[in-house]
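Here's the structure we're looking at; comments come further down.
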Amino acid sequence: MIKTVNLTKVYRSDEVETTALNEVNIEIKEGEFVSVMGPSGCGKSTLLNVLGMIDSPTAGDYLFNGQEVGRLSESKRSDVRKHNLGFVFQSFNLIDELTVFENVELPMLYTKVPSAERKTRVNELLEGMNIMHRRNHFPQQLSGGQQQRVAVARAVVNKPRLILADEPTGNLDSSNGDEVMKILSELNSTGTTILMVTHSQYCAEFGNRIIRMLDGKVVVENVVKQYL
Amino acid sequence: MLLNNLKISWRRLWLDKTTSSIHIFSLALGIASCLLISAWIFQQFQVDSFHEKEDRLFQVWENQYYSDGTILSVRATPGPLKKVLEEEMPNVAKAVRTTWEIEKEFRKEQHTATTYGIYADDGFFQVFTFPLSEGDANTALSKPDHIVISQKMADQLFPDETAVGQSVEIINEQSYTVTGVMKNIPKASTLYFDYVLPFKKFESENEWLLGWQNNGPNTWVLLKKGTLLTDVENKLTTLIKKDSRQKNTELFLQSIKDRYLYTNYENGQYAGGGRIEKVRLFGVIALLIFLISCINFISLTTARVSKRAKEVGIRKVIGANKRALVGQFFTEAILISFLALLIGTSLLLFILPYFNTYTNSSIVISMYSQETWIGLTSVFLLTILIAGSYPSFVLSSFGPLTAITNRFKQKTSQGLLRNILVVGQFTVAIALIAGTWVVFQQIQFLQQKEIGFNQQQLLYIPIKSPELAQKYPVLKEDLLKIPSVQSVSACNQKLNDIRYNTSGITWKGMPPEEDHLFTTIGANFDFVKTTGLSLKEGRDFSIAHRADSMNVIINEAAAKLMGMDAPIGESLYFGEEPAQIIGLVKDFHMYSLKYEITPAVLYVDPDLSYVYVQVATDDIPNTLANLEQTFNSYQSNFPFDYQFADEKYSQYYQSERFTSQIAILFSILALLLCGLGVLGLTIFSLERRLKEIGIRKVLGASAGQIVGLFSKNILQMVGLAFFIATPIAYYFSQQWLEDFAYRIEITWWVFPVVGLGVLLFALLTISLHSLKAAVASPISSLRKE
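Residue numbers (this note's numbering), protein chains in the order written: chain A, 1 to 228; chain B, 229 to 1013.
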């Protein structure tokens, strides 16, 4: 599903040049649950952003489903994103002015899903995530765990093939963190590919494979459990 | 999607009530003023547009050439011109003459009416669109004893019966048969009258109309369809000179469509001024005010960029493309503009009566008229376009990652643009206020300037019956018996509204090829004493000098023109008739101060129109009652009427006062809008720099230093605006002042005082808000951050 060849990302400011990704070569197959670990500043979030097509590489190739997407224009990347990818962030990134229901519904507005179907899908997801009773609340009225469940619901509502999660449990306590990880595992078990950045070894082990990074490079790849 | 956009826009407005209020109220003020001035401008363009044949209807003007190079453009034309136009100009379908408006007293049994009307040729109702509700427009003025009256007059004189076919008496004249009742004249008409009498009647009573040498009536032509104006004007040039009809004159045509707005002719050419200048000026001011309010919207919205960036990022990450985001931000602009339009329109309808009273206007805005809705829609769309487009473009242009990770930094160009917009706002405000001040100073100057005679307690009392004119010497004696009456004289016109002039005056030594225009004033005995004119040499007209009916008094301008250093005892000639100069008065103003003082000749005229009474009293009501009683004993058929001379003088500056009142209103509005803009920007700046404030305070900054931090930028911007606004305001004020022959010198200190005032206002606005943050506990700022 994902293949990178010498993927490089360099950030330049007036005086400083920082290489966030240094010729990264990785491959992720459909249905995998891959965790990316490493110390702060090692480039794991940059890797997630480039693979999630919200940032573009400076050099190298990025093939998504066999198609080179690294050098696509923003509007084309946006098109690929909305039909194939779902995002879960550490800080939830819900829109404060929208209710739980509306936040989850929003991606379907951009993919022009009919109204009735949107309603059915949102309700099913909220039921599944056990937050149906909060459907008309605004994000500020929810706990962190609940907000992250809404974020996960929003990430999967368009049935993406790949979910990119950037430290999804980073702002949660352990019980809420566990819950989110279980949801991600369940999603993976239904065939959704997951790429997750985390600092937590515990969380990383929910995946099939762990990629460890240092100074913008992949240094080790561990298989946690056999991908079937 | 639209519903979602509307929902989120509404919630955003509701959640951030302070900013939303500033946004909406600021736009509403701009919209209200834009609509108000648009309505006024629309009304100005509507004047005279109701005539169905307006495209072919023209007024004849005459350029009179004088030997000193002066070219006088007048609407008064020779009486015989009408006939010649119809006979010798094949492109003229019809020509009609009209007189000036003349006041007459009507009586029908116990009903009376005093009103103004005109004499007009019998084609009048075919050329102009003044529809008759009763009577035949083709024959209504065909006989000398016919009269057409307005519906208003018919209601007064014939309250319960049909007017047509009945007779009505003009007091001291004769009876006329009503042959038509016309619908009341629309307010948007430059011709305003309540009756029309046949011109042939007027002609029969005024023989001077038969000759080419005198100008009096207005002449109008209706051209045949398809006629080229240039063809007609070319023929007109030779027409007037043919057979020595009039030598040094030329005729030209002005469309009735231009009659109201394009009135300023100087030296025979349209000089680009007139009412249209005021229309343009107010149009520009309204547009500037509207732009200031849109600038507020733009700068406040772009200032909020950092707050909105995260949302934009999230939307982009989950699939929104640029078009969807532009749509969303436009929806917000539409919602805000719509609310602003609602509030602005309500505000307008609320303030309109006050505005009309304050400016003595009669603007009507009907919510049922098509034009109102076209205006509202245009302003609405313009608001969305100006206020909505730039913010939508800016907000939707972030990269998703930059926005979502809060690594967003405002582009220097956006900050620069916002600064430019704010500087622009203050430039307009400073220029407007300084310009208003100059206008105000000039009006003060006009009202306070010594005009050369005592107009404070000088009364003009019209003589309405010929009998009274004959009994004037006895009336004068009776008037002088009233204790508060100091002096009495009479004149054929009002001294500060002189209308008569002649080029028929000569003097010894005058080169024969020259002709000069003199203002002529038909006065009476004790005229200098009564009016308070300043006698430089010689004496006043006096009943003790019987020969004074052949003598004249001149002003300094006349003495100068004739080259007479010691004019007393010299003679000048009215045609062949000699007149001795017995007095020289200092120059005095006979018209508005817009015009230069002209050479004037005062003579004793038996044809009296006004009794002049100089009163010396604080008890004006009692004096007026005594005067009324005395007058009524001589002309009981007419209501007592009077006007103070300074009242007449004051009427000249109605237009300037209107300009000044509008300018004051818009200056306040501009300042208010700038204040709202600065307030909004300060609120955002405070929110954005909350952490910085906390840190600075922890490190020891005082409240004053914190306030200074926010004031520095605005100080620079107002300073820059001052330097841009000053030359602009100076230039336009000077242009405006050039309309006046007598004007103030613009004082330099007006500009720094205005600049300083605006700066203090801005600083006060900032301080009031930033002081709250400056005195708050630093930990609260840091915790919030």
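Beta carbons: idealized from backbone N, C-alpha and C, even for Gly.
Report the residues of the segment 536-548 of chain B with a CB closer than 9 Å to any CB of chain A, ordered along the chain.
-> Lys-538, Glu-539, Gly-541, Ile-542, Arg-543, Lys-544, Val-545, Ile-546, Gly-547 and Ala-548
Compare the C-alpha of B/Asp-350 against each of B/Lys-336, B/Lys-310, B/Asp-383 and B/Thr-343 and name the closest.
-> Cα-wise, what sits closest to B/Asp-350 is B/Lys-310.
Report all residues from its chain with a CB closer than 7 Å to the CB of B/Ile-252; omit the five preceding and five following residues, and keep chain order.
-> Ile-564, Leu-567, Ala-568 and Ile-571
Rounded to a whole number of angstroms, what is the C-alpha to C-alpha distance between B/Ser-799 and B/Glu-805?
-> 10 Å
For A/Pro-107, count neighbouring C-beta atoms within 10 Å of its own C-beta (all shown protein chains included) and say buried if the count is 16 or more, exposed if not.
-> buried
Alpha carbon of A/Thr-46 to alpha carbon of A/Thr-169, nearest angstrom | If I take the Cα positions, the gap works out to 18 Å.
Find out if the Cβ-Cβ distance for the pair A/Lys-76, A/Tyr-110 is shorter than 8 Å.
-> Taking a C-beta distance under 8 Å as the contact criterion, A/Lys-76 and A/Tyr-110 do not qualify as a contact pair.
Is there at least one Cβ from chain B nearer than 8 Å to A/Glu-32's Cβ?
-> no
With which residues is A/Arg-149 paired in a DSSP beta bridge?
-> According to DSSP, A/Arg-149 bridges with nothing at all.
Apart from the five residues on each side of it in sequence, which residues of its chain come closer than 8 Å, Cβ to Cβ, to B/Gln-274?
-> Ala-416
Of all the CB atoms in chain A, is at least one closer than 8 Å to the CB of B/Ile-632?
-> yes
Which residues of chain B have a Cβ atom closer than 8 Å to the Cβ of A/Ser-75, listed in chain order?
-> Asn-549 and Lys-550
Cβ neighbour criterion (16 or more within 10 Å) applied to A/Asn-25 = exposed
CB contact flag (B/Ile-689, B/Asp-833, <8 Å) = Not a contact, by the Cβ cut-off of 8 Å.
Around the Cβ of B/Glu-1013, are there at least 16 other Cβ atoms within 10 angstroms (buried) or fewer (exposed)?
-> Since pLDDT at B/Glu-1013 reaches only 47, below the 50 mark, its modelled position is unreliable, and the value read off the structure follows with that caveat. The residue in question, B/Glu-1013, is exposed, as its Cβ has fewer than 16 Cβ neighbours within 10 Å.
Is the shortest distance between the beta-carbon of B/Leu-987 and the beta-carbons of chain A less than 8 Å?
-> Look at B/Leu-987: its C-beta is not under 8 Å from any C-beta on chain A.
B/Phe-621: which of B/Phe-872, B/Leu-610 and B/Thr-530 sits nearest, CA to CA?
-> Across the set B/Phe-872, B/Leu-610 and B/Thr-530, the C-alpha of B/Thr-530 shows the shortest separation from the C-alpha of B/Phe-621.
The beta strand (DSSP E) with A/Lys-9 in it runs from where to where?
-> 2-12
Could you confirm whether any beta carbon from chain A is found closer than 8 Å to the beta carbon of B/Ile-236?
-> So yes, B/Ile-236 belongs to the interface.
Which value, in whole angstroms, describes the spacing of the CA atoms of A/Lys-159 and B/Ser-248?
-> Rounded to whole angstroms, the gap between the alpha carbons of A/Lys-159 and B/Ser-248 is 38 Å.
Sort B/Lys-281, B/Tyr-293 and B/Ala-548 by Cα distance to B/Glu-742 and report the nearest one.
-> B/Tyr-293
Three-state class that DSSP yields for A/Glu-15 in the structure shown | DSSP places A/Glu-15 in coil when its eight states are reduced to three.
Pull up the CB-CB distance for B/Glu-302 and B/Trp-448, whole angstroms please, since I reckon it's below 8 Å.
-> Reading the sequence as shown, one finds Val at residue 302 of chain B and not Glu. Incorrect: roughly 15 Å between the Cβ atoms, too far for contact.
Pick helix, strand or coil for A/Asp-215, following the three-state DSSP scheme.
-> coil
Since B/Gly-680 contacts B/Ser-762 with CB under 8 Å, what's their CB separation in whole angstroms?
-> 7 Å
Taking the continuous alpha helix (DSSP H) assigned at B/Lys-919, which residues delimit it?
-> 918-926
If I'm right that B/Thr-748 touches B/Asn-729 with Cβ under 8 Å, what's the distance once you round it to whole angstroms?
-> 6 Å
Look up B/Cys-719 in the DSSP assignment and say whether it is helix, strand or coil.
-> strand
Could you tell me if A/Ile-194 is buried or exposed, where buried requires 16 or more neighbouring beta carbons within 10 angstroms of its beta carbon?
-> buried
B/Leu-519 to B/Thr-455, Cα distance in whole Å?
-> 44 Å
Label B/Thr-327 either buried or exposed according to how many other C-beta atoms from any shown protein chain fall within 10 Å of its C-beta, with 16 as the threshold for buried.
-> buried
Quick one: is B/Met-792 buried, meaning 16 or more other Cβ sit within 10 Å of its Cβ, or exposed?
-> Within 10 angstroms of the beta-carbon of B/Met-792 lie 16 or more other beta-carbons, which makes it buried.
Cβ neighbours of B/Val-1003 in the same chain (closer than 8 Å, five flanking residues each side left out) | Ala-931
Do you know whose CA, among B/Ile-942, B/Leu-789, B/Thr-418 and B/Gly-444, lies nearest B/Pro-739's CA?
-> B/Leu-789
Which word fits B/Val-667, buried or exposed, when buried means at least 16 other C-beta atoms lie within 10 angstroms of its C-beta?
-> buried
Is there a Cβ from chain A that is less than 8 Å from the Cβ of B/Arg-239?
-> Output row for B/Arg-239: interface = yes.
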